[in-house]
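Step one of this worksheet: look at the structure below.
Numbering (full-length UniProt numbering), first residue to last: 1 to 268.
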């Protein structure tokens with residue numbers, strides 16, 4: 001799914017139509033990247049997700065279950081419990097993943113050929129050396145990342161488990177699988193639509209600034225306001241199509257693998 005993530009980031013960091021690097025469409029972005037950067041251009045920034053994905057997903061599901069247990073001591077409806085536990089897991093997940101995101105976005109924004117771009121470790125060292133480990137360096141965009149993951153997981157888990165409890169269980173294993181996959185697909189899609197303004201703000205803050213040496217995008221909500229004022233409302237939804245293409249089915253697969261593995265481990 002990584003090529004879709006690269007394309008999504010490129011759409012999110014580009015300005016209006018006056019931007020010389022502006023992509024006309026999803027197809028145009030794939031053609032331009034392939035022509036100018038080669039096949040491996042679609043895999044820029046792949047190492048940070050590979051390193052972060054396993055602990056990130058482990059944190060997502062582990063903390064969701066723990067928050068759900070803690071909320072069992074409070075008199076909340078099941079619907080609210082799932083949503084709040086999801087929000088908590090997303091906020092926790094953001095703490096783990098943000099430094100990896102900073103490195104990944106910086107590498108994805110690089111338009112040189114794959115062979116000419118810096119290595120992942122080299123780029124991470126460069127950020128630490130020039131900008132430090134704090135909110136202006138390896139952890140910049142932290143608030144936007146909290147918003148992105150918090151909202152995504154709140155809707156993702158809240159919608160999935162609440163709707164799954166409403167839609168009747170099917171005794172046929174194939175139809176039951178399709179029932180869960182369909183609900184998971186909807187969960188990932190709706191969560192992606194709801195959290196993308198935070199994703200766009202995160203990419204702008206973590207990516208290259210329009211004018212080198214001048215920080216235009218610094219804080220989450222101010223970045224959103226600037227994008228809205230300069231580029232319009234729909235600019236906050238840049239990269240939505242590749243994001244949905246990646247996280248709609250990806251989100252469904254992730255939930256199903258988790259559920260079936262969890263069930264198997266309990267039984268065995």
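In this text, a Cβ means the ideal position worked out from N, Cα and C, and glycines have one as well.
Inset, instruction - Count the other CB atoms, across all protein chains shown, that sit within 10 Å of the CB of residue 174; report buried if there are 16 or more and exposed otherwise. - result: exposed
Inset, instruction - In angstroms with no decimal places, state the Cα-to-Cα distance between residue 147 and residue 196. - result: 10 Å
Inset, instruction - Let me know if residue 165 comes out buried or exposed under the rule of 16 or more other beta-carbons within 10 Å of its beta-carbon. - result: exposed
Legend entry - Supposed contact pair residue 86 and residue 154 - C-beta distance, whole angstroms, cut 8 Å: 4 Å
Inset, instruction - Count the other CB atoms, across all protein chains shown, that sit within 10 Å of the CB of residue 29; report buried if there are 16 or more and exposed otherwise. - result: buried
Legend entry - Cβ pair residue 238, residue 200 closer than 7 Å: yes
Inset, instruction - Tell me where the alpha helix (DSSP H) around residue 301 begins and ends. - result: For the chain, the structure presents residues 1 to 268; residue 301 sits outside this window and is missing.
Legend entry - CA-to-CA distance, residue 111 to residue 21, given in whole angstroms: 9 Å
Legend entry - Member of 14, 169 and 203 whose CA lies at the smallest distance from the CA of residue 102: 203
Legend entry - Nearest-angstrom Cα separation, counted from residue 83 out to residue 152: 10 Å
Legend entry - Contact set for residue 220: own chain, Cβ-Cβ below 8 Å, skip 5 residues either direction: 141, 143, 144, 147, 198, 201, 202 and 205
Legend entry - Runs of alpha helix (DSSP H) lying entirely within the segment 89-139, each at least 4 residues, in chain order: 120-131
Legend entry - Where residue 115 falls, given that 16 or more other Cβ within 10 Å makes a residue buried: exposed
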